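Novice: Can you read through this structure? Questions will come right after.
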DNA sequence: GCTTATGGATACTGATACTATCCATCACAG
DNA sequence: CTGTGATGGATAGTATCAGTATCCATAAGC
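Chains as they are written, first to last, in my numbering: chain A, 172 to 381; chain B, 172 to 381.
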């Protein structure tokens, strides 16, 4: 398959494919001569994955690169691969909220994690985001939402459990890792849009008049 | 309160505040003379909301503007306000996945919505995103995840229900609308980080060895 | 009266995600 | 075997975004 065919197969413009090649998101094709390379099925699948992450999940190109690198390093233990992807996915440096809200949020969140017996690396970036978010919700006066953090955690625990089950059926380690990463990222988009639809429907019933 | 104090109170640099004023995210302060304005508590709260949306939820500035405009138009019915915010929040133009996957995804999603009796505007942007996401997951070979769309919907329905309940306690219509919007957007960040933590914890237990 | 801050306007910056252009091959149809 | 079009690789250009920086005439506060 030449680049033009790859482009047709995935509906990605040739210059964009070249860009992804330059950036190292897509491995180079096999060169048969200095200016002739052939691409295979792996390239088609990889390219589709790249586009799904970028267009659907809005993951920045640099982050996609990190994630793919972590997927391709099959020497790493699975848990480490997942951790790398998580780290790449969670933007660093956030700040908002007052100091009181921050400390309150920190105790609430650490309490929640302890209660549920979750084993969480205190350095996990998602932990910082969670604390910041709870703190922000408090500062914005949404305490009644924050009060039900546990209900959120219940629901989340439920589908995370089954996601892991669903994904564990994958035969090989590589496929497993890929499934986890795709599930993590596109799963988020899936949940977000389901949530929007549910909200729209429930709110329509509830507030017809206001 | 002058701009410097507003800056100190919210930890947002003065030039950034000026930028938000220019962009119309933040209403102008009350002018006491041609180059002296005073800002009040509304500005502090509004600014904190802006930063939470931008930093935590990664909402683009232009979208924040749309959302705030919709919040400020208290003539609109509540459901319309929410719809506007949803529309602003969901990026248009996505494409990926093969045609077979698209049609399969469309039937599955419309089936799900019918089964649950959700009343969803067929033009709702979240609907398109959901279909695209399901289609992408199929194209990427993650059928076992997609097979459990219903389980996701169950969990999502559960916390959406209670979110709406929690938010309904708000006394005034304006506060209700603000709560819905904040809950929708920061709730997503909340759920996403909870999910990451749950995943990390469960996957650590499950795949210690792989 | 002197330093600092302010409102308002305009200009500049760095990052991101592509697009466009060039050019020296290559493939291959006629 | 020659002309047309695609290709790999390199380099340059573009649009958008989210601020920063600079200027200036005025106002505040010591």
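Think of the CB as a built atom: it goes at the ideal place given N, C-alpha and C, for glycine as much as any other residue.
Bear in mind that the values here come from a model prediction, so they are computed numbers and not experimental data.
1) Mind the definition here: the region 277-287 of chain B touches the region 318-331 of chain A only if three or more C-beta pairs lie below 8 Å; say whether that holds.
2) Could you pull the start and end residues of the alpha helix (DSSP H) that residue 176 of chain A belongs to?
3) So, under 8 Å CB-CB, residue 219 of chain A and residue 310 of chain B are touching, yes? Tell me the CB distance rounded to an integer number of Å.
4) For a contact meaning CB atoms closer than 9 Å, what does residue 246 of chain A contact in chain B?
5) Since residue 268 of chain B and residue 299 of chain B are thought to touch, with beta carbons under 8 Å apart, how far apart are those beta carbons, to the nearest angstrom?
6) Can residue 276 of chain B and residue 364 of chain A be called in contact, C-beta distance under 8 Å?
7) Residues of chain A with CB closer than 9 Å to the CB of residue 251 of chain B, please, in chain order.
8) Could you list the residues in the region 227-247 of chain A with a C-beta less than 8 Å from some C-beta on chain B, going in chain order?
9) If contact means a Cβ-Cβ distance below 9 Å, which residues of the region 351-373 of chain A contact chain B?
10) Got a sec, what are the start and stop residues for the beta strand (DSSP E) residue 203 of chain A sits in?
11) Is any beta-carbon of chain B found at less than 8 Å from that of residue 334 of chain A?
12) Once the 5 residues before and after residue 252 of chain B are set aside, which same chain residues still bring their CB inside 6 Å of it?
13) Can a CB atom of chain A be found closer than 8 Å to the CB of residue 215 of chain B?
14) Under 8 Å between C-beta atoms, does residue 185 of chain B make it to chain A?
15) What residues of chain B sit near residue 322 of chain A, judged by a beta carbon separation below 7 Å?
16) What does the Cβ neighbour count give for residue 303 of chain A, buried or exposed, with the cut at 16 atoms within 10 Å?
17) Report yes or no: is there a C-beta of chain A within less than 8 Å of the C-beta of residue 433 of chain B?
18) Let's see if you can read the secondary structure: which residues bound the alpha helix (DSSP H) around residue 207 of chain A?
19) Beta-carbon within less than 7 Å of residue 351 of chain A's beta-carbon, same chain only, minus the 5 sequence neighbours each way: which residues are those?
20) Closer than 7 Å by beta-carbon distance: list the chain B residues that pair up with residue 303 of chain A, in chain order.
21) In chain order, what residues of the same chain have a beta carbon less than 7 Å from the beta carbon of residue 316 of chain A, not counting five sequence neighbours either side?
22) Excluding sequence positions up to five away, which residues of its chain have a Cβ less than 8 Å from the Cβ of residue 334 of chain A?
23) Are there 16 or more other CB atoms within 10 angstroms of the CB of residue 256 of chain B, so buried, or fewer, so exposed?
24) Comparing C-alpha positions only, which one of B/203, B/178, B/368 and B/223 sits nearest to residue 288 of chain A?
25) Where in the region 268-324 of chain B do unbroken runs of the alpha helix (DSSP H), each at least 4 residues long, occur, reported from the N-terminal end onward?
26) Distance cutoff 8 Å, beta carbons only. Does residue 196 of chain A sit that close to anything in chain B?
27) Does the Cβ-Cβ distance between residue 237 of chain A and residue 208 of chain A come in under 8 Å?
28) Count the other CB atoms, across all protein chains shown, that sit within 10 Å of the CB of residue 232 of chain B; report buried if there are 16 or more and exposed otherwise.
29) Kindly indicate if chain A contains any beta-carbon less than 8 Å away from that of residue 313 of chain B.
30) What span of residues does the alpha helix (DSSP H) with residue 363 of chain B cover, start to end?
31) In angstroms with no decimal places, state the Cα-to-Cα distance between residue 234 of chain B and residue 180 of chain A.
32) Could you check the C-alpha separation between residue 356 of chain B and residue 293 of chain A for me, to the nearest Å?
33) With burial defined as no fewer than 16 other Cβ atoms inside 10 Å of the residue's Cβ, what is the status of residue 331 of chain B: buried or exposed?
34) Of the choices A/244, A/336, A/173 and A/239, whose alpha-carbon is the least far from that of residue 388 of chain B?
35) Taking 8 Å as the threshold (C-beta atoms), are residue 214 of chain A and residue 177 of chain A in contact?
Specialist: Concretely, from the data shown:
1) no
2) 174-181
3) 6 Å
4) The contacting residues do not exist; residue 246 of chain A stays about 12 Å from chain B at best.
5) With a Cβ gap of about 12 Å, residue 268 of chain B and residue 299 of chain B do not count as contacting.
6) No, these two residues do not count as a Cβ contact at 8 Å.
7) In chain order: nothing, as chain A lies at least about 10 Å away.
8) Cβ contacts with chain B: 227 and 229.
9) 351, 353, 354, 355, 357, 358, 359, 360, 361, 362, 363, 364, 365, 366, 367, 368, 369, 370, 371, 372 and 373
10) Going by DSSP, residue 203 of chain A is part of the beta strand (DSSP E) stretching over 201-204.
11) Judged by the 8 Å Cβ criterion, residue 334 of chain A is in contact with chain B.
12) 241 and 348
13) no
14) No, no contact with chain A.
15) Within 7 Å Cβ-Cβ: 330 and 333.
16) For residue 303 of chain A, the number of other beta carbons within 10 angstroms of its own is at least 16, and it is reported as buried.
17) Because chain B here runs from 172 to 381, residue 433 of chain B falls outside it and cannot be looked at.
18) No alpha helix (DSSP H) contains residue 207 of chain A, which is instead part of the beta strand (DSSP E) from 207-209.
19) 253 and 338
20) 227
21) Closer than 7 Å at the Cβ level, and outside the excluded window around residue 316 of chain A, lie 308.
22) 354 and 358
23) buried
24) B/368
25) Qualifying alpha helix (DSSP H) stretches, in chain order: 270-287, 296-310 and 314-317.
26) Not one chain B Cβ lies under 8 Å of residue 196 of chain A.
27) no
28) exposed
29) yes
30) 344-377
31) 34 Å
32) 25 Å
33) buried
34) Past the boundaries of the shown model lies residue 388 of chain B; chain B is included only from 172 to 381, so the question cannot be answered.
35) yes
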